[in-house]
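So the protein lines, in turn, are chains S and D.
Note that the numbering used here numbers the first sequence so that position 184 is 184, with each residue one more than the last.
Note that the numbering used here numbers the second sequence so that position 192 is 1192, with each residue one more than the last.
Where a beta carbon is used, it is the ideal one built from N, C-alpha and C, also for glycine.
To start, the structure itself, in structure tokens.
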Amino acid sequence: MQFSASTQPLPKRLLGFFAVLIALTAAVAVVGIILGMFGNFLLNGGTHVTWEFLTEFPRNSNTEGGIWPALAGTTLLVLLMTLLGVPVGTATAIYLTEFAKQDSWFARSVRFAVNTLAGVPSIVFGLFGVGFFIQFMGGSIDAAFGSSSFGDGSLLWSAATLAVLTLPVVIVAVEESLRAVPRDLREASLALGATRLQTIVKVVIPNSVTGILTGSILAVGRGAGEVAAILFVGVTYSSEVLPSAVTEKFMHLGYHLFVLSTQSPDVEKTLPLQFATTLVLLGLTFLLNLTAILIRSRLRKR
Amino acid sequence: MAKDLQTKIQAQGFNFHYGQKQALFDINLSIPERKVTAFIGPSGCGKSTFLRSINRMNDLIEGTRIGGEMVVDGVNVYDKEVDVVTLRRRIGMVFQKSIPFPKSIYENITYGLTLNQSRSKSELDEIVESSLRRSALWDEVKDRLHHSALGMSGGQQQRLCIARAIAINPEILLMDEPCSALDPISTAKVEELIEELKDTYTIVLVTHNMQQAGRVSDFTGFFLMGSLIEFDRTRTIFTSPSKKETEDYITGRFG
Chain S
1 MQFSASTQPL PKRLLGFFAV LIALTAAVAV VGIILGMFGN FLLNGGTHVT WEFLTEFPRN
61 SNTEGGIWPA LAGTTLLVLL MTLLGVPVGT ATAIYLTEFA KQDSWFARSV RFAVNTLAGV
121 PSIVFGLFGV GFFIQFMGGS IDAAFGSSSF GDGSLLWSAA TLAVLTLPVV IVAVEESLRA
181 VPRDLREASL ALGATRLQTI VKVVIPNSVT GILTGSILAV GRGAGEVAAI LFVGVTYSSE
241 VLPSAVTEKF MHLGYHLFVL STQSPDVEKT LPLQFATTLV LLGLTFLLNL TAILIRSRLR
301 KR
Chain D
1001 MAKDLQTKIQ AQGFNFHYGQ KQALFDINLS IPERKVTAFI GPSGCGKSTF LRSINRMNDL
1061 IEGTRIGGEM VVDGVNVYDK EVDVVTLRRR IGMVFQKSIP FPKSIYENIT YGLTLNQSRS
1121 KSELDEIVES SLRRSALWDE VKDRLHHSAL GMSGGQQQRL CIARAIAINP EILLMDEPCS
1181 ALDPISTAKV EELIEELKDT YTIVLVTHNM QQAGRVSDFT GFFLMGSLIE FDRTRTIFTS
1241 PSKKETEDYI TGRFG
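Right, here's the structure in full:
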């Protein structure tokens, strides 16, 4: 049998050619958009990202100076968010994979809740934060202890709101890595007389540490860039000092960008600051995602 | 069964269901103490299910049900009072795939030992050495006890799993096709090991390999489609089985 180069009729080959061309154009466009975006911010803001820019307070109604409080605020926020969210998310994932009967109505409701949570617009989380964390929880704490610092927006309640927002990311990532632990390994542990809990603590979790880490980093990457959710729960547009307690308000890179571009007395003057702030924010999320990808690929190799 | 043998495990009208599907039908048999008992039969005949019912490993699978009794040392292991963790400490298990924990060789052996009690370093060292010697692995690994168990060969890994199981000093050792993933040399080593271990442990072995059952076991049970067709001394099963199905299977006419 002969395999000649032109067994297909011409129209068919043309169609195939155009299909490839369109797919390739789309792929190139995606890369182009990302390169263009980064290039633009790099060209316009790159020279402004100096040590002083990163470590100084803004001056003159945010039209001069650096972004130190916003950078520090964002970092503190995501750290606190991780501390609050990752344990809860990990515990939920462990419940779902290790303890729940897979087709029980409760396990199914939890899964449904997680999926729904992932699709809720972030501004709604912000409103939830005001209602639940600030008014209900903060209000109750203040009423119970006679304090006055919890019933207002703060670093703590923002972190809690973001923790809820990033819960699905953590749960899905951790669940995936828990499921990747072979059943044989669990059975081997149980057959040696380990309890379920011992098996989880000594075999399952050590084997999914990388997954838990990936989940945390993805959550941090998601949380670091989130602005809408924290609008009402503690972010502030200007601060002379860094927050000294979790009950204080804080500055945030994303919100700072919004303030610079819309609330400034002289928007034109702040343009370089905007580009530089964007660059820092992008760099931060990019770095976090890159770390997650690297950890993941190491996990897959094992 | 001969009178001089002590019964260690006894199934009485034992049934097993996976959801709607019945996998074991009214199994009655007595497994003698400190002998090797082999179960043979075609794939899906229920021999592994039966084995895993002895130390209640099937409890882990959702939607399973049992009927009848599985009596070990006079106690039905499915009684409410029976603590399944204690039960499994008395009944060691070796699986088809060798599955060392991704830890060091030393930690693999001590895993079961340190679950419920703390032991001194010297005591652990001693048990690690004796378990590895008993599983004929000591000379091969004594210089790399603290290296990962995953760096061992397949045959070594399976012997490590045996060492890990006997380290907690069980009375019964269940082996679920322990050699099916091993090369002939490793298989011979494991078989040799079974021979040595039967003085101390009651060994129950599931195997696909009839020659293996013939070589290492004292008693053999033949399962077919969830029923125990015949159970007798291995010699009898292989030379003069009383059921036609057994004879057909042994002589290779089906299965």
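In this structure, DSSP gives D:D1026 an extended state, which the three-state scheme calls strand.
Nearest CB-CB separation between S:L190 and chain D: below the 8 Å threshold. Taking each of D:Q1022, D:L1051, D:D1026 in turn and checking the Cα distance to D:G1013, the smallest one comes out for D:D1026.
Contacts with chain S at 8 Å (Cβ-Cβ) include D:G1112. Distances from the alpha-carbon of D:S1048 to those of D:Y1249, D:M1225, D:R1253 put D:M1225 closest. Using a Cβ-Cβ cut-off of 8 Å, S:E175 does not count as an interface residue toward chain D, since no Cβ of chain D sits closer than that to its own. S:S264 and S:V31 have their alpha carbons spaced roughly 33 Å apart. For D:R1233, the three-state secondary structure derived from DSSP is strand. Look at the beta carbons and you see the stretch 1083–1102 of chain D touching the stretch 174–185 of chain S: at least three pairs across the two are nearer than 8 Å. For the pair D:W1138 and D:P1178, the Cα-to-Cα distance works out to about 20 Å.
Taking a beta-carbon distance threshold of 8 Å, D:K1047 does not count as an interface residue toward chain S. Listed along the chain, the chain S residues whose CB falls inside 9 Å of the CB of D:R1164 are A188, L192. DSSP, reduced to helix, strand and coil, places D:R1056 outside both helices and strands of the structure shown, so it counts as coil. Note: D:R1065 is bridge-paired with D:H1017 in the DSSP secondary-structure output.
For D:F1219, the enclosing beta strand (DSSP E) begins and ends at 1219–1224. In the three-state scheme derived from DSSP, where H, G and I count as helix and E and B as strand, S:M37 is classed as helix. A Cβ of chain S is located within less than 8 Å of the beta carbon of D:N1055. Close to D:M1093, with beta-carbon spacing below 7 Å, are these residues of chain S in chain order: A191. Around the beta carbon of D:H1146, fewer than 16 other beta carbons sit within 10 angstroms, so the residue counts as exposed.
Boundaries of the alpha helix (DSSP H) around D:A1163: 1154–1167.
Of all alpha-carbon atoms in S:K269, S:I123, S:T97, the one lying nearest the alpha-carbon of S:E176 is that of S:T97. Between S:L242 and S:A72 a beta carbon distance of about 5 Å is seen, short of the 8 Å cut, so the two are scored as contacting.
Non-local C-beta neighbours of S:V203 in its own chain, meaning closer than 7 Å and more than five positions away in sequence, comprise L185, R186, S189, ordered along the chain.
The stretch 94–111 of chain S makes no contact with the stretch 210–218 of chain S: fewer than 3 CB pairs, one atom from each, lie closer than 8 Å.
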